[in-house]
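Asks: I'd like to ask some things about the structure below.
Spelled out as structure tokens, the structure:
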């Protein structure tokens, strides 16, 4: 008797725990309940801002009850979304790192948004037309819309204007080419004997950031990181990437203006803020941090070019996982459209430092006023004219890591750029093999 | 029905002991029933969250998709051989072995040293014990975040102080030659105080009269340590070694926070490799196979140590 009661009790407890996890929204007659998974990639304050945003949505939309669920980093958000899909209870909407969309689409984990756009009486072109053209590449797969850009970034060149003046450089005319940047970096590096007390430039390299910086340098060297039309190819062993990596390597070992080794993003921004590095390449997402913490005059500029001006975008899009019920889909679509509207898009941009993907956001009075006060925020938006999609392939993260591991060896002086890139290409081809076997190499 | 027949008698007599055995087993079960009942709540949770998951891993390790769109199919031991052939996995094992030895030996040595120095209880030693135990109370994730700052190249706390002495400042977490050592330093700092507790407890068990006798016989501090204290501490050593080895495999919080296994896989440990396979490669089959291999190694280790512990009668 006791025995079975224990089991029943245990099962009931386990059941209720599982139930609470799996069915947070038992829809009755009331509003449609939807969950929004959101990551916080930069700092903790964002979670509070998201709370404010969702509260406002719920107050203005009585028929939908949205709940914001904090899901950690971009990577964690992908794990949790996939776990929820596998459990058969996907969240209605997710803020997903923009370069995970292709991989998810290949795994059949995304809802195609075309039908919802059509049901609104708009065309795909009209819908996408609201957003900066540079952002379309990561939202559209096989000519169908799978994501709506939510917050985005591009890499920028940050310059310590005080140090530049000290070195006899004019910060109002920032370096525009790699040659000029190398020259600036040399003039901004201070040495005491063999020891460097101030570095000319810092470029981050840690998993995730490193691949993005390699794409940045390769693109401004005229190259492409990957095949934008097809997820089975990357271009690591190419002259444009070789030039990019060789230049980075030269900054360290030839010109000695960049600290050796791989330096993660936070270390780079701290180094810049403390005056240890006079220039850095970092995301626009760090602009608010720099604005709040720099005790010196700073200047932001486009990433200098060797062949052409071009940068990749970064950031996240709103997506809907596959397998949602129709009413949830509808409610989530309302939420997504509301969150990406000009007013909300602009508000989120001012709160976070990301730029607003919705072009109309920059015509709102609040945004005009904000840009008047913070002209540096404008540079990121202007650079969008030359921005292109973020690399996204089959198994984006491992394919990226194939390159990053080799780049780290180069930055540590353990390998030469040429052989490193050949090794990276070989490893990436191996990772991409199953996808190619199913697509480009599947012949009649 | 054949009872009347005399020939059936031997059968009847041989049946009786069998019945007795059954009865004895039943009786024993009845006697230990309360014990099973007391174990039941935790057994249910273990079954739900540990054994159930382990069973699932076992099954998942045998399946694989040929290509992204293909359904999963049974592949037997293919996943396991794929994992064993993966240089990243063998690299992670080598790293993990270096990490295990490189953290267990120094932290146990330090712990013993601390315990010997602080074995007497007074106000000063109590304060010092508390100070040495403090790192144990800090969650590994928080400690890693702190060390991330300490290890910052050029501007971090470490470089700020010792940077003046070195000609070239090391990039603690960005150089594949140093990163694993940096990770090991944190582990030693974090665990030495914890192991000290076990040695302090072990030292209480060293018989006072033997020590006194040795003292009277003129044995110096070194001989007392070598011939009395260390032999008495043997079970503690064994236990702490097992704990330290298990920690080396199961604690990767700092790798996760500080290096993500990098640079160039220099700090990739087995558990982090499993995470990468499951999450980054989305390859549940390979992740399960690697988990299975790790689990087998850990269980062998635990079984061996339990047997040795039992042979030695006791331990903490």
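Residue numbers (this note's numbering), protein chains in the order written: chain A, -17 to 426; chain B, 28 to 343.
Just so you know, even glycine gets a beta-carbon here, dropped at the ideal spot from N, CA and C.
1) Return the residues of the stretch 200 to 232 of chain B that lie within a Cβ-Cβ distance of less than 7 Å from chain A, sorted by chain order.
2) For the candidate residues 189/A, 138/A, 215/A and 42/A, whose alpha-carbon lies nearest to that of residue 269/A?
3) Where does the unbroken beta strand (DSSP E) through residue 139/A begin, and where does it stop?
4) Compute the Euclidean distance between the alpha carbons of residue 256/B and residue 325/B, then round it to the nearest angstrom.
5) So, is the C-beta of residue 82/B closer than 8 Å to a C-beta in chain A?
6) On the DSSP bridge assignment, give the partners of residue 159/A in chain order.
7) Just checking, does the stretch 374 to 384 of chain A make contact with the stretch 397 to 416 of chain A on the three C-beta pairs under 8 Å criterion?
8) If distances are taken between C-alpha atoms only, which option among 424/A, 369/A, 315/A and 233/A comes closest to residue 47/A?
9) The alpha helix (DSSP H) that contains residue 332/A, what's its start and end?
10) Closer than 8 Å, CB to CB, is residue 319/A near chain B or not?
11) Say whether chain A places a C-beta atom closer than 8 Å to the C-beta of residue 106/B.
12) Keeping to the same chain, check which residues put their C-beta closer than 7 Å to that of residue 279/A; ignore five residues upstream and five downstream.
13) Ignore the nearest five residues each way along the sequence and tell me which others in residue 151/A's own chain have a CB closer than 8 Å to its CB.
14) Is residue 210/A helix, strand or coil when you go by DSSP?
15) Taking all protein chains shown into account, decide if residue 332/A is buried (16 or more other Cβ within 10 angstroms of its Cβ) or exposed.
16) Identify the continuous alpha helix (DSSP H) that holds residue 417/A and give its terminal residues.
17) Taking only beta carbons into account, state which residues of the stretch 188 to 200 of chain B come closer than 7 Å to chain A, listed in chain order.
18) At least one CB of chain B closer than 8 Å to the CB of residue 243/A: is that the case?
19) I'd like to know whether the C-beta of residue 290/B is nearer than 8 Å to at least one C-beta of chain A.
20) Identify the residues that DSSP records as bridge partners of residue 45/B: which are they?
21) Taking the alpha carbon of residue 267/A as the point to measure from, which residue in 303/A, 408/A and 336/A has its own alpha carbon closest?
22) Using DSSP bridges, identify the partner residues of residue 265/A.
23) What does DSSP give as the partner residue(s) for residue 174/A in the beta ladder?
24) So that I know if they touch, is there some Cβ in chain B lying closer than 8 Å to that of residue 379/A?
25) For the beta strand (DSSP E) containing residue 99/B, list its first residue and its last residue.
26) Assuming residue 194/B contacts residue 249/A (C-beta within less than 8 Å), just tell me the rounded distance between them.
27) Does the beta carbon of residue 180/B sit closer than 8 Å to a beta carbon anywhere in chain A?
28) Determine the closest residue to residue 77/A out of 192/A, 325/A, 265/A and 55/A, with distance taken between C-alpha atoms.
29) Between residue 199/A and residue 140/B, what straight-line distance do the alpha-carbon atoms span, to the nearest angstrom?
30) Less than 8 Å separating the beta-carbons of residue 407/A and residue 219/A?
31) Is it the case that the Cβ atoms of residue 33/A and residue 50/A are separated by a distance below 8 Å?
32) Taking the alpha-carbon positions, what's the residue 409/A to residue 402/A distance?
33) So, using beta-carbon positions, are residue 134/B and residue 271/B closer together than 8 Å?
Replies: Looking at the atomic coordinates:
1) Cβ contacts with chain A: 201, 202 and 203.
2) Of the listed residues, the one whose Cα sits closest to residue 269/A is 138/A.
3) 137 to 142 is the span of the beta strand (DSSP E), which, as asked, contains residue 139/A.
4) Rounded to whole angstroms, residue 256/B to residue 325/B spans 30 Å at the Cα level.
5) Not flagged as an interface residue toward chain A: residue 82/B, since no C-beta distance is shorter than 8 Å.
6) Residue 159/A has 287/A as its beta-bridge partners, per DSSP.
7) By the Cβ criterion, the stretch 374 to 384 of chain A is in contact with the stretch 397 to 416 of chain A, since at least three pairs of Cβ atoms, one from each stretch, lie closer than 8 Å.
8) Nearest option by C-alpha distance: 315/A.
9) Where residue 332/A is concerned, the enclosing alpha helix (DSSP H) stretches over 324 to 334.
10) By this cut-off, residue 319/A is not an interface position.
11) Not closer than 8 Å to any Cβ of chain A, the Cβ of residue 106/B fails to qualify, so no.
12) The answer, listed in chain order, is 143 and 144.
13) Around residue 151/A, the same chain offers 166, 169 and 170 as residues with beta carbons nearer than 8 Å, after the five sequence neighbours per side are excluded.
14) In the three-state reduction of the DSSP assignment, residue 210/A falls in the coil class, being assigned neither a helical nor a strand state.
15) Classification of residue 332/A: buried, given that the 10 Å Cβ count is 16 or more.
16) Looking at the DSSP string, the run of the alpha helix (DSSP H) that includes residue 417/A is 399 to 420.
17) Contacts with chain A (Cβ-Cβ distance below 7 Å) from the stretch 188 to 200 of chain B involve 194 and 198, listed in chain order.
18) Answer yes: the Cβ-Cβ gap between residue 243/A and chain B drops below 8 Å somewhere.
19) So yes, residue 290/B belongs to the interface.
20) Partner(s): none; residue 45/B has no beta bridge.
21) Relative to residue 267/A, the option among 303/A, 408/A and 336/A whose CA is nearest is 336/A.
22) Paired residue(s): 137/A.
23) DSSP, once it has assigned bridges, lists 177/A as partnering residue 174/A.
24) At least one chain B Cβ lies under 8 Å of residue 379/A.
25) Counted as a single uninterrupted DSSP element, the beta strand (DSSP E) harbouring residue 99/B occupies residues 99 to 101.
26) The pair is not a contact, with the Cβ atoms about 21 Å apart (cut-off 8 Å).
27) Yes, because at least one Cβ of chain A sits closer than 8 Å to the Cβ of residue 180/B.
28) Of the listed residues, the one whose Cα sits closest to residue 77/A is 55/A.
29) A direct Cα-Cα distance of roughly 52 Å separates residue 199/A from residue 140/B.
30) With contacts defined by Cβ atoms closer than 8 Å, residue 407/A and residue 219/A form a contacting pair.
31) The answer is yes: Cβ separation under 8 Å.
32) Cα to Cα, residue 409/A sits roughly 11 Å from residue 402/A.
33) Yes.
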